[in-house]
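Participant:
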Amino acid sequence: MTSSSASGISLRPLRAEDQELLFVIYASTRKDEVAAFGWNAAQQEAFLRMQFNAQRGGYAATYPQADHQIICLDGQPIGRIMVHRGPDHTQLVDIALLSEYQGRGIGGALLRELAAQSDQTSVPVRLQVHKTNPGARRLYERLGFIQTGEDEMYCQMERPPI
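Per our numbering, residue 189 is the first one in the sequence shown, and the count goes up by one each step.
1) What span of residues does the beta strand (DSSP E) with M345 cover, start to end?
2) Please state the DSSP three-state secondary structure of A224.
3) Just to check my reading of the structure: R292 and L210 have Cβ atoms closer than 8 Å, yes? What is that Cβ distance to the nearest angstrom?
4) Which residue or residues does DSSP assign as beta-bridge partners of G267?
5) The beta strand (DSSP E) spanning S198 covers which residue range?
6) Looking at the secondary structure, which residues open and close the alpha helix (DSSP H) in which T309 lies?
7) Going by DSSP, which residues form a beta bridge with L315?
8) Could you tell me whether the stretch 272–284 touches the stretch 309–320, where touching means 3 or more Cβ pairs closer than 8 Å?
9) Could you give the first and the last residue of the continuous beta strand (DSSP E) run that contains T336?
10) Report buried or exposed for D220, applying the criterion of at least 16 other Cβ atoms within 10 angstroms of its Cβ.
11) If you follow the alpha helix (DSSP H) that E329 is in, where does it begin and where does it stop?
12) Tell me the residue span of the alpha helix (DSSP H) that contains A249.
13) Is the number of C-beta pairs between the stretch 257–266 and the stretch 194–213 that are closer than 8 Å three or more?
14) Could you name the residues that DSSP lists as bridge partners for Q279?
15) Using a threshold of 8 Å, state whether the C-beta atoms of V317 and R325 are closer than that.
16) Rounded to whole angstroms, what's the CA-CA distance from E340 to G323? Just pull it up for me.
17) By how many angstroms is the C-alpha of L202 removed from the C-alpha of V271?
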């Protein structure tokens with residue numbers, strides 16, 4: 189993906205020192221869900237760190253060659269995107285924005301760029317979305333993704349190349 193200077197959105201490679209930033213991004217996407225558990229702040233953070241570390245390990249094991257980048261707006265880090273490009277499809281492993289930057293069209297712009305790359309290489313883009321995230325699912329559907337399967341937690345979706 190390239191920089192989109194008109195909108196101020198850019199991507200930079202993940203750095204070793206970004207681990208705490210990645211945790212903050214992860215925690216911001218789950219804060220409402222975890223707050224509903226009724227735990228104190230220390231319990232919430234401990235749970236989120238455990239979940240974050242499990243996710244990070246799972247991604248590293250499943251997608252060791254994925255392109256992991258930090259999403260920036262006007263040079264400030266606001267999210268992350270992880271994409272694995274294989275011979276027969278591109279997998280959107282994860283895209284996450286700090287909660288205060290969601291709903292501004294940033295994710296959609298990055299996904300449209302990923303779709304355009306998919307069209308150029310004639311491979312579909314695949315992803316899975318948590319069933320408890322209907323907003324993301326609606327965005328994916330608007331961008332041409334169709335549901336191809338599901339399990340107890342996720343809907344699998346694909347956008348064929350055009």
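Beta carbons are placed, not taken as given, at the ideal position from N, Cα and C, and that holds for glycine.
Facilitator: From the atom records:
1) Y342 to R347
2) coil
3) The Cβ separation is near 20 Å, so there is no contact.
4) I259 and L285
5) I197 to P201
6) I294 to T309
7) M345
8) yes
9) I334 to E338
10) exposed
11) P322 to R330
12) A229 to T250
13) yes
14) H272 and R314
15) yes
16) 18 Å
17) 12 Å
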